[in-house]
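**Student:** For reference, the structure I am asking about is given below.
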Amino acid sequence: MKQLTTLAIVLIFSFSYGQVGINTDTPNESAILDVESTDKGFLPPRMSQTQISNIHLPAAGLTVYNTDLDCITVNYGTPATPEWICLERKPNATLPSYSISSTELRITSTLNYRTWVNVPNLTASFTLDEPTQVKFDWIMFPGQANASSSNGYAQMFTALEINGTRDQSSVGYMPFIHAPGASALYLLNQSSFFYVKLLPAGTYTINVQLYLSFMQGSTMDVRVGPRITTWTGSGGMTNDEKLNASSNKLLITLLR
């Protein structure tokens, strides 16, 4: 009996400090557990979303099979703040790929001035089946019908409204000037913006917004959006081509 007890202690010690191989005598040196089989697979614990949420302080990298989402899910977060992500997610069938606004937004000293307004028709709605990193790209076209008799200046800001709440981290700056004696508008920086945000599972409505905070000089009429009449360099383009070139646009992409 004493010999058997000693042998058991030796075996436990060996497995604690070595590697475990199942169906193999030579487990990979980088693995604590190496399982080999030609006719069977590895089955992780199967849990519902509620059961997964009830795991106490789940380790980063903890892996289970989510029976509600039908996927293997891994905790990419921390024990205190878990972030369960499916390795193979369901398709987000309602996710739009591209939105184009064909309606002009006009701002004057008495119309839409110093207030956040939605860019007409530049909106999208979609549903996520799980927490997902989402990238938003949008382009603002300053237009060519802005009124100015001489020098003019204005500064605008753009942002995303997500489910009725403006996301302050998405705000971008759009200063512009008018050429002397002309109605042409020139942006002082880029007119394209992007923003990445981790969104939990749910349904979302996105609106692109604009805020004109200041006009100076003779600037009195700002228009953002399509203008499909002829402009310099547009010869040979169809109206659809002009509309696509000069429209406000919104692109939504899933990153993971």
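Taking the numbering used here, I'd label the letters of the sequence shown as residues 2 to 257.
Quick reminder that beta carbons are idealized off the backbone N, C-alpha and C, glycines included.
Bear in mind the structure is a predicted one, so any value in this text is a computation, not a measurement.
1) By alpha-carbon positions, which one of Q134, F194, S100 ends up nearest to E84?
2) In chain order, what residues of the same chain lie with their CB nearer than 8 Å to the CB of V172, ignoring the 5 residues before and after it?
3) Along the chain, where does the beta strand (DSSP E) that runs through D262 open and close?
4) Output the distance between the C-alpha atoms of L290 and T82, rounded to the nearest integer angstrom.
5) For N245, which option in T64, R115, I140, P46 has the closest C-alpha, if you only look at C-alpha atoms?
6) Excluding sequence positions up to five away, which residues of its chain have a Cβ less than 7 Å from the Cβ of T104?
7) With the cut-off set at 8 Å, would you say Y196 and F137 are in Cβ contact?
8) Any idea what DSSP makes of K243, helix, strand or coil?
9) What residue from V223, Y77, I86 has the CA that sits closest to D1's CA?
10) Taking the Cβ atom as the reference point for each residue, do I73 and L88 lie within a distance shorter than 8 Å?
11) At a cut of 8 Å, does the stretch 207 to 216 reach the stretch 108 to 127 through at least three beta carbon pairs?
12) Quick one: grab the DSSP three-state call for Q52.
13) Would you check if the distance between the CB atom of T68 and the CB atom of S49 is smaller than 8 Å?
14) For E162 and N24, I'd like the C-alpha separation in whole angstroms.
**Tutor:** In terms of the structure at hand:
1) Q134
2) F158, T159, A160
3) Coverage of the chain is limited to positions 2 through 257, which leaves residue 262 absent and any answer about it impossible.
4) Outside the shown range of the chain, which is 2 to 257, sits residue 290, and nothing can be said about it.
5) I140
6) P121, N122, G226
7) yes
8) helix
9) Residue 1 lies beyond the range of the chain shown here (2 to 257); nothing can be said about it.
10) yes
11) yes
12) helix
13) yes
14) 56 Å
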